[in-house]
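> Next up is a structure, given as structure tokens.
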Amino acid sequence: MNRVKILLAVCIAIAPLSAETYVIKNATVMTVSKGTFKGSVVVKDGKIAEVGQTVIEPAGATVIDGTGQYLIPGIIDCHSHIAADGGINEGSVSVSSMVDIRDVLNPEDIAIYRALAGGVTTANILHGSANSIGGCTLPIKMRWGKDAQSMIFEGATPGIKFALGENPKRAGNPVGGGRGGAATVQARYPATRMGVEDTIREAFNEAKAYKAEWDDYNAKVARGEHPIPPRKDLKLEPLKEVLEGKRYVHSHCYRADEILMLLRIADDYGFKVRTFQHVLEGYKVAKEIAAHGAGASTFSDWWSFKVEAYDAIPYNAAIMTKKGVVVSLNSDDAELMRHLNSEAGKAMKYGGMSETEALAMVTLNPAKQLGIENRVGSIEVGKDADLVLYDKFPLSDYAKVQKVLIDGTIYFDRDKEVSGRALKQAEKQKLIDKEKQNQQRQPGRGGRAGQGGQQ
Amino acid sequence: MKLLGILAGCAILAAAASNDPVLIRNADVYPVTGAPIKGTSVLIQDGKIADIGAKIVAGKNVHVIEGKGLRVYPGMLDSGTELGLAEISAVRETVDTGELGEFMPQLRALVAVNPESEHFPVVRVNGITSVMTFPSSGGGGGGGGRFGGGERQMISGQAALIHTDGWTWEEMEINRSAAMHLIFPAIAGRGGRGGGGPAPDSVLEIFGNAAGAGTYTAARRAYEQQIAKLSEFFDDARKYQKARAANEPGFRRDLKFEAMIPVLDRKVPVAVSAGRASTIHDAIAFAEKQNIKIVILQPRELGKAAAELKAKNIPVVLGRVLALPETEDSPYDEAFTLPAEAYKAGVKFAFGTFNNEFVRNLPYQAATAVGFGLPYEEALKAVTINPAEIWGVSDKVGSVEKGKLADLMVTDGDPLEIQTQVKYLYIKGKEVPLTNKQTRLAEKYMGRQ
Chain A
112 MNRVKILLAV CIAIAPLSAE TYVIKNATVM TVSKGTFKGS VVVKDGKIAE
162 VGQTVIEPAG ATVIDGTGQY LIPGIIDCHS HIAADGGINE GSVSVSSMVD
212 IRDVLNPEDI AIYRALAGGV TTANILHGSA NSIGGCTLPI KMRWGKDAQS
262 MIFEGATPGI KFALGENPKR AGNPVGGGRG GAATVQARYP ATRMGVEDTI
312 REAFNEAKAY KAEWDDYNAK VARGEHPIPP RKDLKLEPLK EVLEGKRYVH
362 SHCYRADEIL MLLRIADDYG FKVRTFQHVL EGYKVAKEIA AHGAGASTFS
412 DWWSFKVEAY DAIPYNAAIM TKKGVVVSLN SDDAELMRHL NSEAGKAMKY
462 GGMSETEALA MVTLNPAKQL GIENRVGSIE VGKDADLVLY DKFPLSDYAK
512 VQKVLIDGTI YFDRDKEVSG RALKQAEKQK LIDKEKQNQQ RQPGRGGRAG
562 QGGQQ
Chain B
5 MKLLGILAGC AILAAAASND PVLIRNADVY PVTGAPIKGT SVLIQDGKIA
55 DIGAKIVAGK NVHVIEGKGL RVYPGMLDSG TELGLAEISA VRETVDTGEL
105 GEFMPQLRAL VAVNPESEHF PVVRVNGITS VMTFPSSGGG GGGGGRFGGG
155 ERQMISGQAA LIHTDGWTWE EMEINRSAAM HLIFPAIAGR GGRGGGGPAP
205 DSVLEIFGNA AGAGTYTAAR RAYEQQIAKL SEFFDDARKY QKARAANEPG
255 FRRDLKFEAM IPVLDRKVPV AVSAGRASTI HDAIAFAEKQ NIKIVILQPR
305 ELGKAAAELK AKNIPVVLGR VLALPETEDS PYDEAFTLPA EAYKAGVKFA
355 FGTFNNEFVR NLPYQAATAV GFGLPYEEAL KAVTINPAEI WGVSDKVGSV
405 EKGKLADLMV TDGDPLEIQT QVKYLYIKGK EVPLTNKQTR LAEKYMGRQ
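Order-wise, the sequence lines are chains A and B.
The number in this note's numbering is simply the position in the first sequence, starting from 1, with 111 added.
The number in this note's numbering is simply the position in the second sequence, starting from 1, with 4 added.
Printed below as a string of structure tokens:
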């Protein structure tokens, strides 16, 4: 109850006070959930207030002319490492569930603005894949200019990163080690896929016992007894939340065998895998993934960069969809993140997905996977006004983002971005000149004083 | 079901491959070098484009393709790959780029091309019929610079222009020595994740320490020493050439210098990897001094160098359009707009992907450039006729013209648009099946009950 109150308070605190009322008129509106049509969208108090071929224009609304343009829901990237201030891998242990992305969020990472300029409004920020069990994750909104706390997607269920396959094995096979070679670095368990399974099982074995202690304690308290509480374990706490269904498991994986392996661990310990990430061989075990109810968040067409990516096929997203899996396309990369719209287009090319099915892979489906589909992912009345306006059909590389709204506030405007460049350049030049003067006054500060360089 | 249908269609095509003449009838032909011709026919015979015209009649043994609603384009050419040389970039055993040694002009990419590489059928599906394959991409993906001595190389060897189909590397060859690859020295970079590559001039000029290894002064000195070393190698090659011509007593054949002769004679261009405007400027000065032909590879900025490139008629191979800006305060669309900038400056250019994994996305890189200001026709030329001209093979490939090799893609729409499918592909007149490991796996597992 207290928690709900706090969340509500947070929601109110970050609600953009200055959110204007907008009418985005005469655009091709691709709602994802309710079809595509020529029409308008009314944005009020940060939410989508009306959607239709014709809408009632509220008095005082600012009109955005969308003629010839396309409006889609804000893009959601289910796998990103931006804004994490380099806090990607706590590589010293194989189970690092005690670390949390929340503690390293950097709201000034320029990648946030660049992603915004690529139409991304929400991203799931994860740790890296060095550990079988990585750290705690959470989705953020690209509220560029706000502080770290205000970036967090309020009320969203947090997650935890798992990793299978080559990456978590790596620390078990240090460079210079192996047969005959003297290891320069101590090998860290595990070194094989067998060991990865064991590492995760051992962790849940502990977590289950830990949960039993707490359940026992809580039952005693409920009976009016006054037992001594168990010692809080920061490593096991997130895993206990997984067992309680309060924290989502997002697992990095490539090969079919390891996907199946984690599904069986989950079955044995009674938790759900929320999403398989990358899941490049998901098409081989789509039936099992669908039966478990896990989502799959994959690359559109990455392949061949390592052995476990050699059977990757661009038809993966389409096949898994056809076999009943909720599929999203993610970036895992600050550059790719900027054109997930055209990545979705590839699902149409490879495997014949419809426009809506393809667009859902970067909007509604990742929203479902992150459990935030009641707030974002489609253009529907009552949802957050997270919207992207493109100049052309968006599932194409010809398309350019024109405007991005989050919570009904314009966070990116290409016209303003371009027209503001001269001013920024002048400001930069001023700073450069100042720095040059400083260096002339204090030679030896690493400048190129006395150097007759060209240009 | 639809997916299976597409795949089954591909399998039937595979059976049709033969050397009989082919007539693609009633299609829209986009020659690239001229205006589109609607509703015409293309006759393919003896590996070449034998005729183009509405009135061609199918003779005996001619395999007729009904082209109504389809478009015929020249096959695309990627000007920056390691195709055939690198299979799985993370596994050294499968990567043959990046040899040891600083000056290795005698190395030939062609001889290490594995015709059975899975990458060839993968890129063919998207209409890529030929590629430049480099002995080292000079960074930017694949194995280039990551293994062996690649990172310390200057001259990495001879890049080959090859077809993406053939039984052997000899049959794949279009030009075995299309370019000599030179990785021009650069002032030491910052390194680190995301920062990768040399620091841009704008940063180095002010914050000398960004050079990483000590001060800017030291980094600059190291850079100049590298260039001096490079000049010395060229000077030695020239002395060798003279001694050879004069048949001087005691003359001994040297394979490195032998390989340099076509470069010194301006018969083979030097493809120079140079990322920054000042490096391009220095590379141009070097080329002038040495009287060699050059092509600039993978510039990340053009700046003042654009006018120089235009004035000296030096072409450029633009790297990945879908790339992050060089510095934190660079415009977000810096890489997206570089092709338009090159075009406006009058610089001739082609596109390269510089990463085997993304060769099939060559047309989409071109499309991004169009989205950010490059005229559509120029984007299409940059993946067809421009590279053919740059690599000296425009008499053979790069456009749909009578007498050229029949390297053709038949599509159901604009080839730069993602959703467009390549329906038929011809390489040297041979119909190539549009199947690969990936379509086979898709078919197999789609059928899993």
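Yeah, the Cβ is synthetic: ideal placement off N, Cα and C, and Gly gets one too.
In whole angstroms, give me the CA-to-CA distance for D24 (chain B) and P279 (chain A).
54 Å
> When you compare the CB positions of G413 (chain A) and A423 (chain A), do they come within less than 8 Å of one another, or not?
Note on identity: in this sequence residue 413 (chain A) is Trp, with Gly being the wrong assignment. Using a Cβ distance threshold of 8 Å, W413 (chain A) and A423 (chain A) count as a contacting pair.
> Cα-Cα, which of A:M305, A:K346, A:N452, A:Q297 is closest to L371 (chain A)?
With distances taken between Cα atoms, L371 (chain A) lies closest to A:M305.
> Note down the Cα distance separating P477 (chain A) from C189 (chain A), rounded to an integer number of angstroms.
6 Å
> If you reduce the DSSP assignment to three classes, tell me which class P250 (chain A) lands in.
Strand at P250 (chain A).
> Assuming L366 (chain B) is part of the alpha helix (DSSP H), what are its boundary residues?
If you look at L366 (chain B), you'll find it in the alpha helix (DSSP H) that goes 366-375.
> Between the stretch 312-346 of chain B and chain A, which residues of the former have a C-beta closer than 7 Å to a C-beta of the latter?
L326, A327, L328, E332, D333, P335, Y336
> Near E312 (chain B), what residues of its chain come up, given a Cβ to Cβ distance below 7 Å and the 5 sequence neighbours on each side ignored?
Cβ neighbours of E312 (chain B) beyond the five flanking positions: H285, I288.
> With respect to the beta strand (DSSP E) encompassing E305 (chain B), which residues constitute its N-terminal and C-terminal limits?
From DSSP, E305 (chain B) is part of no beta strand (DSSP E); its letter is neither H nor E.
> Please list the residues of the stretch 412-425 of chain A that have a C-beta atom closer than 9 Å to any C-beta atom in chain B, keeping them in chain order.
D412, W413, W414, S415, F416, K417, V418, A420, Y421, D422, A423, I424, P425
> For the stretch 429-449 of chain A against the stretch 161-177 of chain A, do three or more pairs of beta-carbon atoms, one drawn from each stretch, fall closer than 8 Å, so that the two count as touching?
The stretch 429-449 of chain A is not in contact with the stretch 161-177 of chain A.
> Does any CB atom of chain B fall closer than 8 Å to the CB of Y224 (chain A)?
yes
> Strictly below 8 Å CB to CB, what residues from chain A border N360 (chain B)?
S415
> So which residues of chain B does S453 (chain A) contact, with C-beta pairs closer than 7 Å?
Going along chain B in sequence order, the residues near S453 (chain A) (Cβ under 7 Å) are Y368, I422.
> Who are the neighbours of A462 (chain B) on chain A, taking C-beta pairs under 8 Å?
In the structure displayed, chain B extends from 5 to 453; residue 462 (chain B) sits before or after that span and is not available.
> According to DSSP, simplified to helix, strand and coil, what is T443 (chain B)?
Of the three classes helix, strand and coil, the one that applies to T443 (chain B) here is helix, per DSSP.
> Taking Cβ to Cβ, would you say V401 (chain B) is nearer than 8 Å to L47 (chain B)?
no
> If we ignore side chains and look at the alpha-carbon of each, how far apart do S160 (chain B) and N295 (chain B) end up?
For S160 (chain B) and N295 (chain B), the distance between alpha carbons rounds to 20 Å.
> Could you say which of B:I28, B:K348, B:E91, B:A116 lies nearest to G73 (chain B) if we only look at CA atoms?
Closest by C-alpha distance to G73 (chain B), out of B:I28, B:K348, B:E91, B:A116, is B:I28.
> Hey, A407 (chain A) and V360 (chain A): beta-carbon distance below 8 Å or not?
Judged by their CB atoms, A407 (chain A) and V360 (chain A) are not nearer to each other than the 8 Å cut-off.
> Rounding to the nearest angstrom, what Cα-Cα distance links F237 (chain B) and A249 (chain B) in this structure?
For F237 (chain B) and A249 (chain B), the distance between alpha carbons rounds to 18 Å.
> Here's a check: name, in chain order, each residue in its chain whose Cβ is nearer than 7 Å to the Cβ of I517 (chain A), leaving out the five neighbours to either side.
Once the five neighbours on either side are set aside, the close Cβ partners of I517 (chain A) are G185, T232, K252, M253, R254, D497.
> Could you tell me which residues DSSP puts in a beta bridge with L409 (chain B)?
B:K52
> Are there three or more Cβ pairs, one per stretch, closer than 8 Å when the stretch 116-128 of chain B is compared with the stretch 83-98 of chain B?
yes
> L470 (chain A) and I135 (chain A) - do their beta-carbons sit closer together than 8 Å?
no
> For a contact meaning CB atoms closer than 9 Å, what does S191 (chain A) contact in chain B?
Correct list: empty, because the minimum Cβ distance to chain B is about 13 Å.
> Can you name the residues of chain B whose CB is closer than 7 Å to the CB of H450 (chain A)?
Near H450 (chain A) (Cβ distances below 7 Å), the residues of chain B are L326.
> When you compare the CB of A226 (chain B) with every CB in chain A, is at least one pair closer than 8 Å?
no
> Rounded to whole angstroms, what's the CA-CA distance from D50 (chain B) to G433 (chain B)? Just pull it up for me.
When rounded, the distance between both Cα atoms is 7 Å.
> Look at R304 (chain B) and Q369 (chain B) and say whether their C-beta atoms are less than 8 Å apart.
no
> Using beta carbons (cut-off 8 Å, strictly below), is E91 (chain B) in contact with chain A?
yes
> Can you check which of these residues, B:A371, B:V426, B:Y430, B:K441, is closest to L412 (chain B) by C-alpha distance?
B:Y430
> Expressed to the nearest angstrom, what Euclidean distance is found between the alpha-carbon atoms of K547 (chain A) and K541 (chain A)?
So the two alpha carbons sit approximately 10 Å from each other.
> Determine, for M264 (chain B), whether the minimum Cβ-Cβ distance to residues of chain A falls below 8 Å.
no
> Consult DSSP for T98 (chain B) and reduce its assignment to one of helix, strand or coil.
helix
> Identify the contact partners of G456 (chain A) in chain B, using a Cβ-Cβ distance below 7 Å as the criterion.
Residues of chain B passing the Cβ test: I422, Q423.
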